[in-house]
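S.K.: Let me begin by handing over the structure; questions about it come next.
There are 2 protein chains.
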Amino acid sequence: MSTTPADTSTERRLLRDAGLRVTGVRLAVLRALGEHQHSTADTVVRAVRAELGSASVQAVYDSLHTLTDADLLRRVEPAGHPARYERRVGDNHHHVVCRGCGAVADVDCAVGPAPCLVPGDAHGFSVDLAEVTFWGMCPACTDAS
Amino acid sequence: MSTTPADTSTERRLLRDAGLRVTGVRLAVLRALGEHQHSTADTVVRAVRAELGSASVQAVYDSLHTLTDADLLRRVEPAGHPARYERRVGDNHHHVVCRGCGAVADVDCAVGPAPCLVPGDAHGFSVDLAEVTFWGMCPACTDAS
DNA sequence: TGCTTCTCTGGAATGATTCCAGTCTTCGCG
DNA sequence: CGCGAAGACTGGAATCATTCCAGAGAAGCA
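Residue numbers (this note's numbering), protein chains in the order written: chain R, 1 to 145; chain L, 1001 to 1145.
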């Protein structure tokens, strides 16, 4: 809709610094997630298409993977819901997921850097991350029920 | 293979006590998970077929859902892996998942009953469960790498 | 034993994600 | 500024786990 080219200088730098090529899809993916944290791939596809006019589903999935591998994005996969992506990376934070609508919100980790928790008996596993997912009801779904 | 009918008295009682009908598929599902904790639906289907001779995929999925709803089973869904089921229910325990092979092991909760952890700022969500997944490498995959 | 209700069967469908082969871009280099 | 090789993007088909559906079949209360 808008004909004003968006300012993508921040995203360009992020990509370059990560040693990645700067492409339209990657910029649009980063910008989309900057505006709507915790979006699904599907939502990102729509946002990217709104910005670029067109883009294939694969291009978005590819970008999502590449950016996740480069630690520019983090993937969150709540049980029973499609994967969500967020730009908040590099810190150790967790998530609350609504059992009603699947809404996701960030929860700061009160403990510290990963793994913020350590299992008592890890059965010989070497643990590097403790992922905490809080389940409950968001305000809107609480009201509706 | 074995022609000796298995002793299913424990499972029968579990089902009756939960107000559920006793069926061959349900008994076989419970027995399969008694022998191999953290199995996937696919693995359970094979185990059930080995015991009963035949069974539809849906019958197993139906049983898995029914038993999970009745709190006779618990479902574990590690990101990027198909769902796993376990018979250890009623306590609050967590899991370690191997990044290499997907193996799952139980980890006792050092804190207490659910929700063993509470978020600092839950953004208005009412939280009832904290699900902790530890990620790492199992002994076998550590050796192999 | 009879009946009602719930379960199981088989097959098709769904949603999220991935694979593939070919075409088009990006960007280091001359 | 223009070339070329490595890396992205396209469209379409395929995969995997899981669910939906309608009809045939069992469980168990009366």
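Note that beta-carbon positions come from the ideal geometry of N, C-alpha and C, so glycine has one too.
Taking the alpha-carbon of Pro1113(L) as reference, which of Gly1090(L), Phe1125(L), Val1104(L) has the nearest alpha-carbon?
M.R.: When only C-alpha atoms are compared, the closest one is Gly1090(L).
S.K.: Could you please tell me which residues of the segment 1036–1056 of chain L, in chain order, have their CB closer than 7 angstroms to any CB of chain R?
M.R.: Of all residues in the segment 1036–1056 of chain L, none has a Cβ within less than 7 angstroms of some Cβ in chain R.
S.K.: Rounding to the nearest angstrom, what Cα-Cα distance links Thr142(R) and Thr133(R) in this structure?
M.R.: Cα to Cα, Thr142(R) sits roughly 19 angstroms from Thr133(R).
S.K.: Please list, in chain order, the chain L residues whose beta carbon lies closer than 9 angstroms to that of Val25(R).
M.R.: Under the 9 angstroms cutoff, chain L gives no residues; its nearest Cβ is about 23 angstroms from Val25(R).
S.K.: Please work out which residues of its chain come closer than 7 angstroms, Cβ to Cβ, to His1093(L), disregarding the five sequence neighbours upstream and downstream, and give them in chain order.
M.R.: Same-chain partners within the cutoff: Asp1106, Val1107, Asp1108, Cys1109.
S.K.: Quick one: is Glu1131(L) buried, meaning 16 or more other Cβ sit within 10 Å of its Cβ, or exposed?
M.R.: Glu1131(L) is buried by the Cβ-count criterion.
S.K.: For a quick check, are the C-beta atoms of Val1078(L) and Val1057(L) less than 8 angstroms apart?
M.R.: Position check: residue 1078(L) holds Pro in this sequence, whereas Val was assumed. Result no, Cβ atoms of Pro1078(L) and Val1057(L) do not sit closer than 8 angstroms.
S.K.: Any chance you could list the alpha helix (DSSP H) runs of at least 4 consecutive residues sitting entirely within the segment 1008–1090 of chain L, in chain order?
M.R.: You should have 1009–1017, 1024–1035, 1041–1052, 1057–1069.
S.K.: Do we get a CB-CB distance below 8 angstroms when we pair Cys1138(L) with the residues of chain R?
M.R.: So yes, Cys1138(L) belongs to the interface.
S.K.: Look up Phe1134(L) in the DSSP assignment and give the residues it is bridged to.
M.R.: Answer by DSSP bridge pairing, in chain order: Ala130(R), Val1096(L).
S.K.: Identify, in the order they occur along the chain, each residue of the same chain with its Cβ nearer than 8 angstroms to the Cβ of Val1076(L), setting aside the five sequence neighbours on each side.
M.R.: So the list reads His1038, Ala1083, Arg1084, Tyr1085, Glu1086, His1095, Val1104, once near-sequence residues are dropped.
S.K.: Starting from the C-beta of Arg16(R), find all residues in its chain whose C-beta is less than 7 angstroms away, skip the five residues before and the five after it, and write them out in chain order.
M.R.: Closer than 7 angstroms at the Cβ level, and outside the excluded window around Arg16(R), lie Val22.
S.K.: Got a sec, what are the start and stop residues for the alpha helix (DSSP H) Asp106(R) sits in?
M.R.: Unbroken run through Asp106(R) is the beta strand (DSSP E), 104–108; no alpha helix (DSSP H).
S.K.: Is the CB-CB distance between Leu1052(L) and Val1044(L) below 8 angstroms?
M.R.: Taking 8 angstroms as the Cβ cut-off, Leu1052(L) and Val1044(L) do not qualify as a contacting pair.
S.K.: With a Cβ-Cβ cutoff of 8 angstroms, do Leu20(R) and Ala70(R) count as a contact?
M.R.: It is a contact, given that the beta carbons lie within the stated cut-off.
S.K.: Between Gly102(R), Val25(R), Leu129(R), Arg46(R), which lies nearest to Leu67(R) when the distance is taken from Cα to Cα?
M.R.: That would be Val25(R), whose Cα lies nearest to the Cα of Leu67(R).
S.K.: At what residues does the alpha helix (DSSP H) containing Cys1141(L) begin and finish?
M.R.: Here the alpha helix (DSSP H) through Cys1141(L) covers 1139–1144.
S.K.: Between Glu1131(L) and chain R, is there a C-beta pair that is closer than 8 angstroms?
M.R.: With 8 angstroms as the cut-off, Glu1131(L) counts as an interface residue toward chain R.
S.K.: At a CB-CB cut-off below 7 angstroms, which residues of chain L make contact with Leu117(R)?
M.R.: In chain order: Val1132.
S.K.: List the residues of chain R whose Cβ lies closer than 9 angstroms to the Cβ of Cys1098(L), in chain order.
M.R.: Those are Phe125, listed as they occur along chain R.
S.K.: Output, in sequence order along the chain, the residues in the segment 1077–1088 of chain L whose CB is closer than 9 angstroms to any CB in chain R.
M.R.: Correct list: Glu1077, Pro1078, Ala1079, Gly1080, Ala1083.
S.K.: Within 10 Å of its beta-carbon, does Val1118(L) have 16 or more other beta-carbons around it, so buried, or fewer, so exposed?
M.R.: Its Cβ having fewer than 16 others within 10 Å, Val1118(L) is exposed.
S.K.: Can you confirm whether Ala1144(L), when its beta carbon is compared against all beta carbons of chain R, has any partner nearer than 8 angstroms?
M.R.: With 8 angstroms as the cut-off, Ala1144(L) does not count as an interface residue toward chain R.
S.K.: Closest by CA to Ser81(R), which one among Leu27(R), Arg88(R), Gly102(R), Gly120(R)?
M.R.: Residue 81(R) is actually His in this sequence, not Ser. Here the closest residue by C-alpha is Gly102(R).
S.K.: Under the assumption that Gly1124(L) contacts Pro139(R) (Cβ atoms under 8 angstroms), give the Cβ distance between them as a whole number of angstroms.
M.R.: Indeed they touch by this definition, with Cβ atoms about 4 angstroms apart.
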